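Undergrad: Numbering (our numbering), first residue to last: 6 to 303.
Sharing a structure, written as structure tokens. Questions coming.
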């Protein structure tokens with residue numbers, strides 16, 4: 006990818022963010038519908054959304070998503086979007102709702118988190134507490150096979166360099182499903198949960214950190230984007246550097262934390278403006294699908 010490659014702007018519109026964190030986070034189906042349309046009109050090519058309850062699984066989770074996405078896809082055919090993984094007792098239950106959704110509305114992107122890491126927040130003394138986000142090699146293999154079976158291009162969340170090492174093993178073996186996109190998650194000051202400064206994960210959003218990832222994928226031709234979880238991507242040096250190096254931008258209230266309270270539309274428009282100052286055109290959803298070689302097109 007080069008400086009002439011259109012920029013894919015992805016908007017992760019809600020995630021686990023609450024309205025207490027930012028009152029502009031869309032949570033109800035009507036809010037998700039309206040917010041998605043605003044982000045698409047502002048220049049987003051891909052929308053990533055959670056539903057109202059991460060603990061829902063199977064049919065219940067699918068119906069919760071479909072309350073918004075049936076309407077969106079009827080009004081805006083060709084919209085590129087994808088849900089998140091659900092809670093569940095095993096990887097099959099975690100993926101079940103995506104299979105149901107893909108059988109009922111257009112869906113071309115899936116999710117694979119190819120690794121494990123600690124994710125936390127500070128306790129009263131500022132020490133890390135939290136959870137282990139675990140994805141075994143067996144679970145990762147099942148997730149890739151699921152994407153292959155259902156013709157979904159895997160969205161690859163790279164929390165740590167080890168996640169990239171596993172992805173590269175699939176790439177070298179010729180087993181990475183079509184449509185894969187690598188998404189470098191950098192740890193901002195407030196961390197993945199956005200619960201307060203002091204505890205984060207992964208690599209920091211610095212030039213050297215991004216260059217380390219780019220060293221890892223050199224020669225692969227894999228499309229990639231950058232995001233900052235627990236911070237503001239556009240306030241870091243990696244946003245412009247990514248654009249200058251042919252990468253893409255991943256923004257949204259799922260990961261944004263800080264003193265200001267923007268809307269998703271604000272973040273998309275800021276990403277568009279930065280891309281234009283660098284001289285990069287903005288990808289439409291159709292152009293993004295072609296750039297990623299997503300399966301499932303007409």
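For glycine and all other residues, C-beta sits at the position ideal for the given N, C-alpha and C.
Please read all numbers here as calculations on a predicted model, not as lab measurements.
(1) Restricting to Cα atoms, I'd like to know which of 19, 99 and 264 is closest to residue 65.
(2) Please determine, among 154, 157 and 145, the residue with the shortest C-alpha to C-alpha distance to residue 307.
(3) Roughly how many angstroms separate the alpha carbons of residue 101 and residue 87, rounded to a whole number?
(4) Just the Cα atoms here: how many angstroms apart are residue 29 and residue 213?
(5) To the nearest angstrom, report how far apart residue 84 and residue 129 are at their CA atoms.
(6) Let me make sure I understand the geometry here. Which of 81, 115, 109 and 73 has the alpha-carbon closest to that of residue 91?
(7) Here's the rule I'm using: 16 or more other beta-carbon atoms within 10 Å means buried, otherwise exposed. How should residue 247 be labelled?
(8) Assuming residue 235 and residue 193 make a contact with CB atoms under 8 Å, what is their CB distance in whole Å?
(9) Whose C-alpha, out of 151, 189 and 196, is nearest the C-alpha of residue 309?
(10) What separation, rounded to the nearest whole angstrom, lies between the Cα atoms of residue 178 and residue 217?
(11) Once you ignore the five residues that flank residue 293 on each side, which residues in its own chain have a CB closer than 7 Å to its CB?
(12) Could you pull the start and end residues of the alpha helix (DSSP H) that residue 87 belongs to?
(13) Give me the Cα-Cα distance between residue 200 and residue 26, rounded to the nearest whole angstrom.
(14) Please determine, among 94, 158, 119 and 147, the residue with the shortest C-alpha to C-alpha distance to residue 112.
TA: According to the structure shown:
(1) 99
(2) The requested residue 307 is not part of the displayed model; the chain covers only 6 to 303.
(3) 14 Å
(4) 33 Å
(5) 44 Å
(6) 115
(7) buried
(8) 4 Å
(9) The shown model of the chain, from 6 to 303, leaves out residue 309, and the question about it has no answer.
(10) 22 Å
(11) 13, 50, 51 and 85
(12) From DSSP, residue 87 is part of no alpha helix (DSSP H) but of the beta strand (DSSP E) over 85 to 87.
(13) 9 Å
(14) 158
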